[in-house]
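Numbering (the working numbering), first residue to last: 1323 to 1445.
A virtual CB, placed ideally from N, CA and C, is assigned to each residue, including glycine.
A short write-up of the structure that comes next.
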């Protein structure tokens, strides 16, 4: 019967966030206060984790996952030599030059494609 008494109930409010926790489960006010603090800390931790995840997502932006099917270019060394940019469709057989860092044709094609998309969106 001591659980139902008003004197044993505890309500704790975190002033900066306004989160309020009420606990009436235990028989004593001290136990209810400890339990309410545990619950309040858990709620604040969840909020902090959500804010941190949101901040990280904002920093990362539109980050593409490096998984199968998300590649930008295909490199074929055997039985023939070919490099194909999957975004723009540009192909070249000068695989040695591409492997040495000559990506100018791919970069120019991608920039033309992005410029065209931006112009279409502006219209």
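In the structure shown, residue 1343 falls within a strand segment according to DSSP collapsed to helix, strand and coil.
Under the DSSP definition of a beta bridge, residue 1333 partners with 1344.
If you draw a straight line from the Cα of residue 1352 to the Cα of residue 1378, it comes to about 39 angstroms. Residue 1337 and residue 1348 have their alpha carbons spaced roughly 24 angstroms apart. Close CB contacts of residue 1346 within its chain, under the 6 angstroms cut and outside five residues either way in sequence, are with 1331 (chain order). Leaving aside the five residues that flank residue 1425 on each side, none in its chain has a CB nearer than 6 angstroms to its CB. Boundaries for residue 1402: no beta strand (DSSP E) harbours it, and the DSSP string shows neither H nor E there. Rounded to whole angstroms, the Cβ separation of residue 1384 and residue 1395 is 19 angstroms, and the two are not in contact under 8 angstroms.
Just measuring C-alpha positions, the residue of 1343, 1403, 1350 sitting nearest residue 1364 is 1343.
From the listed residues 1422, 1328, 1372, 1443, the smallest Cα separation to residue 1354 is found for 1328. Within the DSSP bridge table, the entry for residue 1414 names 1405 as partners. Counting along the chain, residue 1434 sits inside the alpha helix (DSSP H) bounded by residues 1426-1444.
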